[in-house]
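Participant: Right, I'll just put the structure down here and ask away after.
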Amino acid sequence: MELWRGTATPIFFWFHGRSLREGYCELSTVQYQLQVDVIIIVRILVEEEVLALLNWNDRYSVGVKVLDDQHKGLIGILNELHEAMLKAQAESVSGPLLQRLLDYTRVHFAAEDRFMSESRFPGLAQHRAQHEALTQKLGEYLTRRQRGETGIQIQLLHFLRDWLATHIQKEDKEYGPWLNEHGIQ
Ligand SMILES: [Fe+2]
Ligand SMILES: [Fe+2]
1 MELWRGTATP IFFWFHGRSL REGYCELSTV QYQLQVDVII IVRILVEEEV LALLNWNDRY
61 SVGVKVLDDQ HKGLIGILNE LHEAMLKAQA ESVSGPLLQR LLDYTRVHFA AEDRFMSESR
121 FPGLAQHRAQ HEALTQKLGE YLTRRQRGET GIQIQLLHFL RDWLATHIQK EDKEYGPWLN
181 EHGIQ
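Each residue of the sequence shown is one higher than the one before, starting from 1 at the first, in our numbering.
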């Protein structure tokens, strides 16, 4: 009966279009068929949960909408890359995704850099050094991959997830109030 609780329940409503009580009754009368349905649904939900490497959370907000949107975009590409890797999709899928991640990272870092420069944020030099170190690391990885020296590795994705989550919550959040005070929302 545990299967009916938590994440499986809303899908059950949608799937059968009946109340949960009716669902229980049906389970006891047409037990085998329904159990198969539920097992399939639960498996899909669990799989989707596992595929997300990092989920956006409001605690990641830096208080500047365009930068929050870019962070969401970065998390999205990272999750796509993770999904491609878990599904063992070909390099023709994961390779361009990795390139897109690098390109978008550069766009995002440039945007942050511009805001910090324009507002004369005191921590700019230190922040910029962190961006440069990550861009260089990603670029080197991409070069090695293009040479066929390495594929997409889970360690890289975990590193990027941890780096991004930590950087957003620490360094990026430091410029938030400063940018807001300088009219950047
Ligand atoms: Fe950022
Ligand atoms: Fe940053």
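Yeah, the Cβ is synthetic: ideal placement off N, Cα and C, and Gly gets one too.
Since we're looking at a predicted model, the values are computed, not measured.
Name the two residues that bound the continuous alpha helix (DSSP H) containing arginine 100.
Facilitator: Here residue 100 is taken as the residue at index 100 of the sequence shown, counted from 1. Run containing arginine 100: 91-118, per the alpha helix (DSSP H) assignment.
Participant: Please work out which residues of its chain come closer than 8 Å, Cβ to Cβ, to leucine 164, disregarding the five sequence neighbours upstream and downstream, and give them in chain order.
Facilitator: Position 164 of the sequence shown, counted from the start, is the residue given in the question as residue 164. Leu54, His71, Leu74, Ile75, Leu78, listed in sequence order.
Participant: Under the criterion of a Cβ to heavy atom distance below 7 Å, does aspartate 113 qualify as lining ligand 1?
Facilitator: For the purposes of this step, residue 113 is taken as the residue at position 113 of the sequence shown. No, the Cβ of aspartate 113 stays beyond 7 Å of every heavy atom of ligand 1.
Participant: Under 7 Å Cβ to Cβ from leucine 142, same chain only, skipping five residues before and after it: list those, please.
Facilitator: Taking the sequence shown and counting its residues from 1, the one referred to as residue 142 is at position 142. Here the set comprises Leu98, Gln99, Leu102.
Participant: If we ignore side chains and look at the alpha-carbon of each, how far apart do glutamine 146 and lysine 137 end up?
Facilitator: For the purposes of this step, residue 146 is taken as residue 146 along the sequence shown, with counting starting at 1. For the purposes of this step, residue 137 is taken as residue 137 along the sequence shown, with counting starting at 1. About 14 Å.
Participant: So, is histidine 158 buried or exposed, given that buried needs 16 or more other C-beta atoms within 10 angstroms?
Facilitator: Start at 1 with the first residue of the sequence shown, and residue 158 comes out as number 158. Classification for histidine 158: exposed.
Participant: Helix, strand or coil, according to DSSP, for threonine 166 in the structure here?
Facilitator: On the sequence shown, position 166 is the one that residue 166 refers to. Reduced to three states, the DSSP call for threonine 166 is helix.
Participant: Indicate the three-state DSSP secondary structure (helix, strand or coil) for lysine 137 in the structure shown.
Facilitator: Counting from one through the sequence shown, the residue named residue 137 turns up at place 137. Reduced to three states, the DSSP call for lysine 137 is helix.
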